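Everything on this sheet refers to the single structure shown next.
Numbering (this note's numbering), first residue to last: 15 to 654.
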């Protein structure tokens, strides 16, 4: 054997030697019993080979452990230096250096970028956790199988650490996150609660877009369950297409599957099997005519649903870039047929799922894209009904009243004007302009305009003009509307209103300087103003059930509902406690609590009672009412 003197030759030999050892280690990780068949002499020979190539001690230790059927340590993936240091939960309104660190982490990926330009964008990260940061967190959570609620709690911090690679990527026993063998936890299990889902679906797909058009939700019961195969069928909705095409490839170029935002597989349309329509294939279409069924079989999937998790499986399509005018707007049906889902449980048992009663058809059409196309949306979680506490003596400024999003889909667009409509939702003749001093428009966390309230009763509005907001193609911008309220308590207490953004009130031009038309309107939640009283916020709920010990004995359930109460205004508030609150004696199944017996054969009702308590017990400031009952005191502005 010739002596290795050239450094590049030595490096190549080292790589080859390590590859041989790691291949053996991989085999052992999948089948440790096979490793047990290696003699100590064979193990030592491989280790000596690695040492001769100059392998480091950590590599030699890992290979030795693997060849002896023992667990190995992971080496991590990604850059730990990019990981934010998060020691607390973060949510909307939080501030601090850890928020900026989180934004820098999110901006490392185009899929979770906080902002494309301005505050929050790469290089311009801020210390404020605003709606744009929350939206980016939701995208990261959805892509990493974490509940997408926009709060960075323990589960999200763990997912961030896993992505950064600070915890390693495997144990050397086949449970790593690579493309090798998938290990399912649990024994015999199944897919349960199978049903269609309308969440995150689009019935209209514009030219060149990729959208989810069909969705199924299912829960893993009794073990982890891995989806291995999915069948998907498409057909035209009518049997006499006329001048329009009946060929799927004239509408769609690619069909994909994704599980909770992660793509499992995709197929070109020309890979589909084309079949004559058979009776019963589609519930909602006629079974005659010359329309065909286009069938796709996605196999070799590794879509894992953890035990007790509810997951969503989506079928998405990519529309052709230039649909014919005769084909635009024509409806296609899509569904997963009976037994169209094959999955395996933790015990290795494979079964099929999907029945006519569980899965219905859904529809979509492909539309021509406009030269400029803006999509106006408002996330419901950002626009819930809520109460705003306003001071009776001073102005209250900077309160959020609505959030919305504008996305450029097929062209660069420039926004020059946005109109916000305001409408009271209470039976009052009070003008909103008497309660609201001014509205402010924010792009991300940066204020870009302010405007006074104009108009008459029933047509009050504010117009943000002279804007110059560019939204690049396939990019979007989050906007927030905030209000300043004056100190006129009589005008404001109990006043409720809603803000809305009409598409017709947005002036925009595309890259060709043509006007862009937006057809829809989005509306925020109802805002109620209070200067006195209380606000209550739900915290948690729990139940403890006690079954009857003998046949015929009543079951009992203790329910605990936790909530916080804040005293609004200048006066202290007292809540009655230590007494029964609302004793109910129901007479029908709709009057009280309803439950099923242990045999699931009938339902019944019962009376219930409730006692108000406080986590901190009774304090020195609490007192009694006229009847001698304890009362909990909540001081002005305090929460208990």
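Glycine is no exception: its CB is placed at the ideal position from the N, C-alpha and C atoms.
Quick caveat, the model's predicted, so the values are computed rather than measured.
Continuous alpha helix (DSSP H) assignments of at least 4 residues falling wholly in the segment 427–512: Those alpha helix (DSSP H) runs which fall completely within the segment 427–512 and span 4+ residues are 503–506.
Which residues in the same chain as residue 314 place their Cβ atom closer than 6 Å to its Cβ, once the five residues preceding and following it in sequence are excluded? Once the five neighbours on either side are set aside, residue 314 has no close Cβ partner at all.
Nonlocal neighbours in the same chain, by C-beta distance under 8 Å from residue 113, ignoring five residues either side: Excluding the 5 residues flanking it on each side, residue 113 has same chain C-beta neighbours closer than 8 Å at 104, 140, 141, 142, 143, 147, in chain order.
What are the boundary residues of the beta strand (DSSP E) that residue 209 is part of? Going by DSSP, residue 209 is part of the beta strand (DSSP E) stretching over 200–210.
Less than 7 Å between the beta carbons of residue 533 and residue 517, yes or no? Contact: yes.
Please classify residue 203 as buried or exposed, where buried requires at least 16 other C-beta atoms within 10 Å of its C-beta. It counts as buried.
Just to check my reading of the structure: residue 549 and residue 583 have Cβ atoms closer than 8 Å, yes? What is that Cβ distance to the nearest angstrom? The pair is not a contact, with the Cβ atoms about 11 Å apart (cut-off 8 Å).
Taking the C-alpha atoms as reference points, what is the distance between residue 118 and residue 99? So the alpha carbons of these two residues sit roughly 11 Å apart.
Cβ pair residue 258, residue 153 closer than 7 Å: Contact: no.
Just curious, the alpha helix (DSSP H) that residue 316 is in, first and last residue? Residue 316 -> no alpha helix (DSSP H), and no H or E assigned at all.
For residue 399, is the beta carbon positioned less than 6 Å from some heavy atom of the ligand SAH? No copy of the ligand SAH occurs in the structure displayed, which carries no ligand at all.
What did DSSP end up calling residue 611 once you bin it into helix, strand or coil? In this prediction, residue 611 scores a pLDDT of 46, lower than 50, which makes its location untrustworthy; the coordinate-derived value is nonetheless stated afterwards. The answer is coil: DSSP assigns residue 611 none of H, G, I, E or B.
Where residue 673 falls: helix, strand or coil (DSSP): Coverage of the chain is limited to positions 15 through 654, which leaves residue 673 absent and any answer about it impossible.
Could you tell me which of 390, 349, 485 sits nearest to residue 373, measuring between CA atoms? Of the candidates 390, 349, 485, 349 places its Cα closest to the Cα of residue 373.
Alpha carbon of residue 463 to alpha carbon of residue 130, nearest angstrom: Rounded to the nearest angstrom, the gap between the Cα atoms of residue 463 and residue 130 is 19 Å.
Exposed or buried, what is residue 476 when buried is set at 16 or more other beta-carbons lying within 10 Å of its beta-carbon? Burial of residue 476 is indicated by the presence of at least 16 other C-beta atoms within 10 angstroms of its C-beta.
If you compare alpha carbons, which of 161, 337, 649 is closest to residue 586? Comparing alpha-carbon positions, the option among 161, 337, 649 lying closest to residue 586 turns out to be 649.
Measuring CA to CA, which of 60, 513, 287, 97 is closest to residue 473? Of 60, 513, 287, 97, the residue nearest in Cα terms is 513.
Verify whether the separation of the beta carbon atoms of residue 262 and residue 228 is less than 7 Å. No; because the gap between Cβ atoms is not below 7 Å, this pair is not in contact.
For residue 556, which option in 572, 423, 163 has the closest C-alpha, if you only look at C-alpha atoms? Checking every option, the nearest Cα to that of residue 556 belongs to 572.
Use the C-beta contact count for residue 190: other C-beta atoms within 10 angstroms, 16 or more gives buried, fewer gives exposed. Residue placement at residue 190 cannot be trusted, given a pLDDT of 30 that sits under 50; what the coordinates show is reported in the next sentence. By the neighbour-count rule (16 or more Cβ atoms within 10 Å), residue 190 is buried.
Helix, strand or coil: which one does DSSP assign to residue 136? Correct three-state label for residue 136: coil.
Consult DSSP for residue 518 and reduce its assignment to one of helix, strand or coil. DSSP, reduced to helix, strand and coil, places residue 518 within a helical segment of the structure shown.
Sorted by chain position, which residues of the same chain lie with C-beta nearer than 6 Å to residue 109's C-beta, five sequence neighbours on each side aside? Once the five neighbours on either side are set aside, the close Cβ partners of residue 109 are 141, 142.
Determine the DSSP secondary structure at residue 341, reduced to helix, strand or coil. Here DSSP, grouped into helix, strand and coil, assigns residue 341 to coil.
Roughly how many whole angstroms lie between the Cα atoms of residue 535 and residue 412? Put simply, the backbone Cα of residue 535 is about 24 Å away from that of residue 412.
For residue 342, which residues in the same chain have their Cβ closer than 8 Å to its Cβ, ignoring the five residues on either side in sequence? 379, 380, 381, 382.
Alpha carbon to alpha carbon, how far is residue 625 from residue 407? Give it in angstroms, no decimals. Spanning the two alpha carbons is a distance of roughly 36 Å.
Closest by CA to residue 239, which one among 356, 389, 311? Closest by C-alpha distance to residue 239, out of 356, 389, 311, is 356.
Quickly, what does DSSP pair residue 577 with across the bridge? List them, please. Per DSSP, 552.
Residue 382 by DSSP, collapsed to three states: which one? Under the three-state reduction of DSSP, residue 382 is assigned to coil, being neither helix nor strand.
Looking at the structure shown, is residue 225 part of a helix, part of a strand, or coil, going by DSSP? Note: residue 225 maps to strand in three-state DSSP.
With H, G and I counted as helix, E and B as strand and the rest as coil, what does DSSP make of residue 389? Three-state result, residue 389: strand.
Is it true that the segment 398–406 meets the segment 240–250, where meeting means three or more beta-carbon pairs spaced less than 8 Å apart? Touching, no.
Give a yes or no on whether the C-beta atoms belonging to residue 232 and residue 273 are separated by under 7 Å. No, Cβ-Cβ distance for residue 232 and residue 273 is not below 7 Å.
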